[in-house]
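So that you can map any letter, position 101 of the sequence shown is 105 in the numbering used here, and since no number is skipped, the others follow by simple counting.
Each residue gets a CB set at the ideal place from its N, CA and C atoms; glycine is no exception.
The structure presented is a predicted model; accordingly, all values stated were derived computationally and were not measured.
Remarks on the structure that follows.
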Amino acid sequence: MDRRQGGCDRDRDHRRAPRHADREGDRGGLQRDPLDQAGSRGSTDPRLLGEEGLSGSDPLSERTITAYLDRLSSADPAPGGGSAAALTAALAASLGLMVVAVGRERGDDPRLSEIAECLRDLRASFLKLACEDEEAFGNVLASYRLPKGDPNREGLIEHALQEAARVPIRLAEGCIDLLYRLVELAPLSPRQIASDVGAASHLARAAISSALLNVNANIAYMHDEAA
5 MDRRQGGCDR DRDHRRAPRH ADREGDRGGL QRDPLDQAGS RGSTDPRLLG EEGLSGSDPL
65 SERTITAYLD RLSSADPAPG GGSAAALTAA LAASLGLMVV AVGRERGDDP RLSEIAECLR
125 DLRASFLKLA CEDEEAFGNV LASYRLPKGD PNREGLIEHA LQEAARVPIR LAEGCIDLLY
185 RLVELAPLSP RQIASDVGAA SHLARAAISS ALLNVNANIA YMHDEAA
């Protein structure tokens, strides 16, 4: 089904990729090394260079909301804006699912089942992207830690940044899918909770805006912006 007609595109590739925009400093400038920016936010988590990345030993699905917010509030390199944007998108999908659940209590419209299936898939995708974003920042930091005399350093940094930009791109694409589904859901939702569909739409749009900020932040550091 064409995504413009509300398709979910559930088979979209979820490749692992690094990095979100820095929480402090010049988000788009080329003057500052991202490693220096990370250093300004506190000591670097030693797990950054590990095989599991930033979130490998602390997956998002195993954290409480309070624990996630505490980490987001800290000087740790991650989570940051990219992860928060993906979690915001997951909240939007969950609001949509709540509207579907209430609607089903008032009648079993087959369209609600299709929408619910897609919303569940999108929510799982957003949670995965939130974790990938956290892991991603560690990969970018690791590439910048390579000795400056290493002939592969520049290429590895460029590759990490290119891969990093793909995470928020996929998030924005998923949010577009979500918005199409919410448009389908709106006329099927009970009037008393129609505002929840609107709230979900606003959250999805905010996640798209945040994702695009992170794409631009990665592109700004690339030598080959055409990539």
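Put Met102 into one of helix, strand or coil per three-state DSSP. helix
Tell me which residue opens and which closes the alpha helix (DSSP H) that Ile119 is part of. Pro114 to Arg149
If you compare alpha carbons, which of Val187, Tyr225, Leu189 and Leu207 is closest to Leu91? Leu207
So, at 7 Å on beta carbons, what are the nonlocal neighbours of Ala97 in its own chain, with the 5 sequence-adjacent residues on each side left out? Leu123, Leu126, Arg127, Phe130 and Leu182
Of the residues Tyr225, Pro194, Glu177 and Ala221, the one placed nearest Ala93, counting alpha carbons only: Glu177
If I follow the unbroken alpha helix (DSSP H) through Asn220, where does it start and stop? Ala198 to Tyr225
C-beta atoms of Leu100 and Ala204 nearer than 8 Å: Before going on, a small fix: residue 100 reads as Gly here, not Leu. Against a cut-off of 8 Å, the Cβ pair of Ala204 and Gly100 comes out as a contact.
Considering only the beta carbon of each residue, do Val104 and Leu116 sit closer than 8 Å? yes
Taking 8 Å as the threshold, find out whether the segment 194-204 comes into contact with the segment 166-176 through three or more Cβ pairs. no
If you draw a straight line from the C-alpha of Ala79 to the C-alpha of Leu145, how long is it? 15 Å
Out of Asn222, Tyr72, Ala224 and Ala89, which one is the CA nearest neighbour of Cys179? Ala89
Can you give me the C-alpha to C-alpha distance between Asn218 and Leu133, rounded to a whole angstrom? 13 Å
Any idea if His227 is buried or exposed, counting beta-carbon neighbours within 10 angstroms, 16 or more meaning buried? exposed
Pro155, buried or exposed, once every other Cβ within 10 Å from all chains shown has been counted against 16: exposed
Which residues mark the beginning and the end of the alpha helix (DSSP H) in which Thr68 is found? Taken as a continuous stretch (DSSP letters only), Thr68 belongs to no alpha helix (DSSP H), as it is neither H nor E.
Extent of the continuous alpha helix (DSSP H) run through Pro239: Only positions 5 to 231 of the chain appear in this structure, which leaves residue 239 out of reach.
Neighbourhood of Tyr225 by C-beta distance below 6 Å, restricted to the same chain and skipping five residues each side: Leu165
When you compare the CB positions of Leu175 and Ala215, do they come within less than 8 Å of one another, or not? yes
Given this structure, state the Cα-to-Cα distance separating Asp113 from Pro172, to the nearest angstrom. 34 Å
Buried or exposed for Arg110, going by 16 or more other Cβ atoms inside 10 Å? exposed
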